[in-house]
Ligand code: PLP
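In the UniProt record's numbering, the protein residues as written are 1 to 400.
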């Protein structure tokens, strides 16, 4: 018998955070490792956002706020949904939480009962299945590999739905693959959902502003307005505004669901940090011009990394539409031997080899539910990415 709860026993520590600790350990030993495992932009929080936070402190905005967000921030979020997504959410339809992870956690824990199924396309962001399992639900994965550009088809979605399905989780652009659904692709998924009125959609749009080429971002409630009443549109400030440490996530959805999330939050974290809320208000209300400049900088890096990885024998890297990750398929490297005579049997062994011999840290595909692959985060400088790709190429060339 253990003292810890059964719910805790159903979850694992985050694999991406575990790799980040391994990198720190190696660095502390003086080993020159390049970490491509962290999921955060290398850009700084914009100065005008920092200034708003300083002003909030000076004005004494340092006390409890309304549990699920200040009136000012809710108004800024309502304006954001209208401006960027053509969606109308009243303040009572908006929840503000301690990061996007907390938004998803609140929504799932507030709605999932034991045995309820939640459909999760794989590869998926590491926390989805764990949060579902923590809530007592059953994660139901749909595998969408490189051959289908890491996107599920309407047929796959239809086949995964059962009478126990409660939610479908969509994440576009995706962490870890960077794949994003076009408007037509989203409409085709919506067509399936129309036939299953008991299924709700939770869409995680955290990477909405990091898209490339001429990709036009849309979200499901926008392209299928008839699904608005059973959609929770999740977003946040972490990735777009380089505010990972400030911890502000939010969602728009039906009032009763927003109230249910607030009830849970009132007995756990209470309000998100008052100063971070003031900073997020400034971020959302301020000039949005820099978002495009940052996306352009990320695109140069994407092109660099995709080109370099595709030049390596045994690696196939689809070109992602967004986010700051690539997810190369490494089927061609499995079964090869390291110079020490060890056979690479899976992507976890490959990542261990790349870390020990190539001194590059990435995260193995198994952590995201689709193997053999690995995730590279290219949210770092072009010179570091070039060195990292040189090292990966050299280490892979040594596999026979
Ligand atoms: N959703 C996705 C797809 C993410 O990649 C992340 C962060 O890595 C989050 C949600 C959580 O973001 P936050 O840092 O705001 O909790």
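Note that CB positions come from ideal geometry on N, CA and C, so glycine has one too.
Local conformation of residue i per DSSP, three classes
i: residue 346; result: coil
i: residue 224; result: coil
i: residue 123; result: coil
i: residue 95; result: strand
i: residue 141; result: strand
i: residue 206; result: coil
i: residue 326; result: strand
i: residue 133; result: helix
i: residue 310; result: helix
i: residue 361; result: strand
i: residue 171; result: strand
i: residue 112; result: coil
i: residue 77; result: helix
i: residue 61; result: coil
i: residue 351; result: helix
i: residue 29; result: coil
i: residue 192; result: helix
i: residue 72; result: helix
i: residue 406; result: It is not possible to answer for residue 406, since the shown part of the chain is limited to 1 through 400.
i: residue 117; result: strand
i: residue 35; result: strand
i: residue 292; result: helix
i: residue 166; result: strand
i: residue 84; result: helix
i: residue 90; result: coil
i: residue 401; result: Outside the displayed range of the chain (1 to 400) lies residue 401, so it cannot be described from this structure.
i: residue 243; result: coil
i: residue 3; result: coil
i: residue 106; result: helix
i: residue 20; result: helix
i: residue 186; result: helix
i: residue 12; result: coil
i: residue 101; result: helix
i: residue 67; result: coil
i: residue 128; result: helix
i: residue 341; result: coil
i: residue 366; result: helix
i: residue 179; result: coil
Opening and closing residue of the alpha helix (DSSP H) in which residue i lies
i: residue 151; result: It is not in any alpha helix (DSSP H) - residue 151 carries neither H nor E in the DSSP assignment.
i: residue 162; result: No alpha helix (DSSP H) holds residue 162; DSSP gives it neither H nor E.
i: residue 250; result: That residue, residue 250, is in no alpha helix (DSSP H); its beta strand (DSSP E) goes 249-252.
i: residue 216; result: Residue 216 -> no alpha helix (DSSP H), and no H or E assigned at all.
i: residue 317; result: From DSSP, residue 317 is part of no alpha helix (DSSP H); its letter is neither H nor E.
i: residue 198; result: No alpha helix (DSSP H) contains residue 198, which DSSP labels as neither H nor E.
i: residue 52; result: 47-58
i: residue 394; result: 382-397
i: residue 281; result: 274-285
i: residue 265; result: 255-266
i: residue 9; result: 6-9
Extent of the continuous beta strand (DSSP E) to which residue i belongs
i: residue 375; result: 374-377
i: residue 231; result: 231-236
* Asked: Does the segment 202-216 come close enough to the segment 165-177 that 3 or more CB-CB pairs lie under 8 angstroms?
  -> Using a C-beta cut-off of 8 angstroms, the segment 165-177 makes contact with the segment 202-216, since at least three inter-stretch Cβ pairs fall below that distance.
* Asked: So which residues put a beta carbon under 6 angstroms from any heavy atom of the ligand PLP, going in chain order?
  -> The set, ordered by position in the chain, is 39, 99, 100, 101, 125, 171, 175, 204, 206, 236, 238, 244, 249.
* Any chance the segment 209-228 sits against the segment 44-60, with 3 or more Cβ pairs inside 8 angstroms? -> With fewer than three CB-CB distances shorter than 8 angstroms, the segment 209-228 does not count as touching the segment 44-60.
* Asked: Is the segment 259-269 touching the segment 282-302, taking contact as three or more C-beta pairs under 8 angstroms?
  -> The segment 259-269 vs the segment 282-302: no contact.
* To do: Count the CB pairs spanning the segment 151-162 and the segment 361-373 that are closer than 8 angstroms, and state whether there are at least three.
  => The segment 151-162 vs the segment 361-373: no contact.
* Asked: Does the segment 137-148 come close enough to the segment 120-129 to have 3 or more Cβ pairs within less than 8 angstroms?
  -> Counting C-beta pairs with one atom in each stretch, the segment 137-148 and the segment 120-129 have three or more that are closer than 8 angstroms, which means they touch.
* Okay, do the segment 173-192 and the segment 330-345 touch, 3+ Cβ pairs below 8 angstroms being the bar? -> By the Cβ criterion, the segment 173-192 is not in contact with the segment 330-345, since fewer than three pairs of Cβ atoms, one from each stretch, lie closer than 8 angstroms.
* Would you say the segment 271-289 touches the segment 131-141, given that touching needs at least three Cβ pairs under 8 angstroms? -> In short, these stretches do not touch, since the Cβ pair count stays below three.
* Does the segment 317-329 come within contact of the segment 78-95, defined as at least 3 CB pairs closer than 8 angstroms? -> No contact exists between the segment 317-329 and the segment 78-95.
* Decide if the segment 303-317 is in contact with the segment 349-361; the criterion is three or more beta carbon pairs, one per stretch, under 8 angstroms apart. => Cβ pair count under 8 angstroms is below three, so no.
* To do: Determine, using beta-carbon pairs with one atom in the segment 240-251 and one in the segment 24-37, whether at least three such pairs fall under 8 angstroms.
  => Taking a contact to require three or more Cβ pairs closer than 8 angstroms, the segment 240-251 and the segment 24-37 do not qualify as touching.
* Do the segment 323-335 and the segment 366-383 meet, that is, are 3 or more Cβ pairs less than 8 angstroms apart? -> At 8 angstroms Cβ cutoff, the stretches touch.
* Are the segment 98-112 and the segment 342-354 in contact at 8 angstroms, needing three or more beta carbon pairs? -> No, the segment 98-112 does not touch the segment 342-354.
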